Amino acid sequence: MPPASAINGALISWKPAVINDLDRHDRANWETAAWSNDDPRFNANWQYDKIMFGNGTMTLTIDDAGCPKHCDGKPFAAGEYRSLNELPPYGFFEARLQAAEGSGVVTSFFLSHTTSGGQEEIAFEILGKDCGRAQTNYIYQGLGGHEQMIDLGFNACRGLHNYGIEWRPDRIVWYVDGKDKRSVDGSPADLPSQPGKIIVNLWPTFGLDDWAGVFKYPGAPVAAKYDFIAYSPLDKKAAAAPATSRPAPMNEWVQNVESQDTGKKGSDGSALIRAKINLAKPIPDGFAKAKLQVCTGQCYPQGGPFDIKPGDKTVTVEAYLHHPLVQSRGEYALLKIHNPTTKQTIEIKFDMPIPGY
-9 MPPASAINGA LISWKPAVIN DLDRHDRANW ETAAWSNDDP RFNANWQYDK
41 IMFGNGTMTL TIDDAGCPKH CDGKPFAAGE YRSLNELPPY GFFEARLQAA
91 EGSGVVTSFF LSHTTSGGQE EIAFEILGKD CGRAQTNYIY QGLGGHEQMI
141 DLGFNACRGL HNYGIEWRPD RIVWYVDGKD KRSVDGSPAD LPSQPGKIIV
191 NLWPTFGLDD WAGVFKYPGA PVAAKYDFIA YSPLDKKAAA APATSRPAPM
241 NEWVQNVESQ DTGKKGSDGS ALIRAKINLA KPIPDGFAKA KLQVCTGQCY
291 PQGGPFDIKP GDKTVTVEAY LHHPLVQSRG EYALLKIHNP TTKQTIEIKF
341 DMPIPGY
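Residue numbers (my numbering): -9 to 347.
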């Protein structure tokens, strides 16, 4: 599979700190679960042989082979895969997956802390009875009740899609294919703050008929597919910096960039950011129109043409962003200025900060 940064719609569009492309079992950093939840609503024993790797993906299955005798008394067996160690709090977390379809089936991607201070969790759960929606949720010191269903705009059981979590001390954002679908703002006192494992699992329900539907084994394994799991810590420097101007020495054209949040929002929750590029030298004769691209693994057009004229030493552009573009993460904005007579193009690369982010 391509790296996460090359996948259109990925939240983590820079090189992550942890990336499991799920081509094979990474025994050094991940583990296959072998246990049963005492809660009878989780109606399966998680077993290592319900996790299979092949063709660049990991498949989790539910079946009844050997059950209940070899399934800890449960009528079914299923797959769960998780990071071997807890990761520190806060950061960006993402999985690309195709959910399992069917009543009473739950496909999950979540962060979980259970070792001390009460259970804490941030989760995506896709119910196989309704593949057009997903449940988002968080648990703080054992206190739940924060569930919210979100519309996906596609069938999650018919193709791979990206599900991302941005976790900050005072904010949690759930993303689908790079688009902000839900956000919760609070204080560090009432949002999860403990280190946790990344967990993905598939399970049949019991006694959750109103929520997930009734599970009836179809006679053949039920499957969910995962393409990658990734994690990146917060860019603490970018997150803490209140300044709206920073050096952007990506080429000889840029002196610095000043950004302003216009207050406008895109339909996907992105912010419209206006950037004033202070140039190190004036625009030469013959160059008149400029177009902007945002590059996060791939480059995507962001608008224009923006009017400029020879002699200008500033250019102002606008782009919808979910997070700052920072060169150290392999991201940048790209301004292309064209000379229609000579067919030459000036390319100006620069960071694009978001004020207060």
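In this text, a Cβ means the ideal position worked out from N, Cα and C, and glycines have one as well.
Bear in mind the structure is a predicted one, so any value in this text is a computation, not a measurement.
Separation of residue j from residue i, as counted between CA atoms
i	j	result
leucine 224	proline 330	43 Å
leucine 324	histidine 151	27 Å
valine 244	isoleucine 298	16 Å
leucine 181	proline 159	7 Å
arginine 123	tyrosine 216	18 Å
isoleucine 336	alanine 85	37 Å
alanine 231	proline 343	Because alanine 231 carries a pLDDT of 34, less than 50, the predicted location of this residue cannot be relied on, and no value is offered for it.
glutamine 156	phenylalanine 100	Rather than glutamine, the amino acid found at residue 156 in this sequence is glutamate. Spanning the two alpha carbons is a distance of roughly 12 Å.
alanine 146	isoleucine 116	8 Å
aspartate 16	histidine 103	21 Å
phenylalanine 205	glutamine 37	19 Å
proline 185	glycine 92	33 Å
lysine 266	serine 173	29 Å
glycine -1	glycine 168	5 Å
aspartate 120	leucine 142	10 Å
isoleucine 312	phenylalanine 114	Here the sequence assigns histidine to residue 312, which means isoleucine is not the residue at that position. When rounded, the distance between both Cα atoms is 20 Å.
glycine 69	threonine 49	8 Å
isoleucine 189	aspartate 199	24 Å
Buried or exposed by the 16-neighbour rule on C-beta atoms within 10 Å, applied to residue i
i	result
histidine 60	exposed
glutamine 292	buried
phenylalanine 144	exposed
glutamate 111	buried
alanine 309	buried
lysine 40	buried
asparagine 191	buried
Own chain residues within Cβ distance below 7 Å of residue i, not counting five before or after
i	result
lysine 171	Ile140, Trp164 and Tyr165
proline 345	Thr234, Ser249, Gln250 and Asp251
proline 295	Lys279, Ala280 and Lys281
glycine 176	Asp160
leucine 315	Val284, Glu321, Tyr322, Ala323, Asp341 and Met342
Residues near residue i in its chain [Cβ-Cβ closer than 8 Å; skip 5 each side]
i	result
glycine 149	Gln88
arginine 348	Nothing can be reported for residue 348, as the shown portion of the chain is limited to -9 through 347.
Integer-rounded CB distance, given that residue j should sit under 8 Å from residue i
i	j	result
threonine 304	asparagine 268	6 Å
serine 222	phenylalanine 82	5 Å
alanine 67	asparagine 35	5 Å
asparagine 33	lysine 64	6 Å
tyrosine 322	aspartate 341	7 Å
tryptophan 193	valine 96	5 Å
tyrosine 207	aspartate 29	20 Å between Cβ atoms; not a contact.
Cβ shell of residue i (< 6 Å), same chain only, five flanking positions each side left out
i	result
glycine 259	Asp170
histidine 136	Asn127 and Tyr128
serine 348	Because residue 348 is not part of the residues shown, which for the chain are -9 to 347, the question remains open.
aspartate 62	Ser26 and Asn35
valine 307	Ala265, Leu282 and Phe296
isoleucine 273	Ile298, Pro300 and Asp302
Check: residue i C-beta below 7 Å from any heavy atom of the ligand MG
i	result
glycine 56	For the ligand MG, the structure offers nothing, since it holds no ligand at all.
Residue i in three-state terms, based on DSSP
i	result
lysine 40	helix
aspartate 355	Residue numbering for the chain in the displayed model covers -9 to 347; residue 355 lies beyond these limits and cannot be assessed.
alanine 202	helix
threonine 51	strand
serine 73	strand
threonine 332	coil
glutamate 337	strand
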